[in-house]
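Here is the structure we will look at.
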């Protein structure tokens, strides 16, 4: 009672991913992905406990799907998603900004390198 919820497809699985990307004219220049493990197979965040977080990679197939959203875009963006049992990607969010995952969870050396690369770009 009194709560508002957004319903979306239930994608079972203990892992969620956040991929922060530096993009120039639709081309991904750099990326940092964080994998979050939770204590339940089915949950509604934030009503779940985080077990672990760790740097991870993004498959070429999933990177290609994400890049389709980035045509003509330059700057930072963030994708939050899960990987379904069949290996397909299920995106929850696409944000054209630096996300809290990047600001708080990406290893500092990687985050610094990505921000320095952004600073070195000749953007209008």
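In this note's numbering, the protein residues as written are 60 to 183. Idealized CB from N, CA, C, for every residue including glycine.
Report task. To the nearest angstrom, report how far apart residue 161 and residue 177 are at their CA atoms. Result -> In the chain shown, counting from the first residue as 1, residue 161 sits at position 102. In the chain shown, counting from the first residue as 1, residue 177 sits at position 118. Each residue's Cα considered, the two are about 14 Å apart.
Query raised in the report: Can residue 125 and residue 138 be called in contact, C-beta distance under 9 Å?
Result: Residue 125 sits at position 66 when you count from the first residue of the chain shown. Residue 138 sits at position 79 when you count from the first residue of the chain shown. Cβ atoms of residue 125 and residue 138: closer than 9 Å.
Query raised in the report: With DSSP run on the structure shown, which of helix, strand or coil describes residue 113?
Result: Within the chain shown, the letter at position 54 stands for residue 113. The answer is strand: DSSP assigns residue 113 an E or B state.
Query raised in the report: Smallest Cα separation from residue 75: which of 66, 83, 61 and 117?
Result: Taking the chain shown and counting its residues from 1, the one referred to as residue 75 is at position 16. Checked all of 66, 83, 61 and 117; the closest Cα to residue 75 is 117.
**Report entry** Collapsed DSSP secondary structure at residue 88 in the structure displayed
**Finding:** Residue mapping note: residue 88 aligns to position 29 of the chain shown, counting from 1. Residue 88 falls in the strand class under three-state DSSP.
Requested in this report: Flag this pair as yes or no: are the beta carbons of residue 96 and residue 71 separated by less than 9 Å?
Outcome: In the chain shown, residue 96 corresponds to position 37, counting from 1. In the chain shown, residue 71 corresponds to position 12, counting from 1. No, the pair does not count as a contact, with Cβ atoms beyond the cut-off.
Requested in this report: Whole angstroms is fine: what's the gap from residue 148's alpha carbon to residue 107's?
Outcome: Translated into the one-based positions of the chain shown, residue 148 becomes position 89. Translated into the one-based positions of the chain shown, residue 107 becomes position 48. For residue 148 and residue 107, the distance between alpha carbons rounds to 21 Å.
Query raised in the report: What did DSSP end up calling residue 126 once you bin it into helix, strand or coil?
Result: Residue numbering aside, residue 126 sits at position 67 when the chain shown is read from its first letter. In this structure, residue 126 counts as helix in the three-state DSSP scheme.
**Report entry** First through last residue of the beta strand (DSSP E) which encompasses residue 83
**Finding:** In the chain shown, residue 83 corresponds to position 24, counting from 1. Where residue 83 is concerned, the enclosing beta strand (DSSP E) stretches over 74-83.
**Report entry** Reference residue 119, options 87, 109 and 62, closest by Cα
**Finding:** Your numbering for residue 119 matches position 60 in the chain shown. Closest by alpha carbon: 87.
Requested in this report: Look at the alpha carbon of residue 115 and the alpha carbon of residue 157, and state the distance between them as a whole number of angstroms.
Outcome: Along the chain shown, one-based indexing puts residue 115 at 56. Along the chain shown, one-based indexing puts residue 157 at 98. Cα-Cα distance, rounded: 18 Å.
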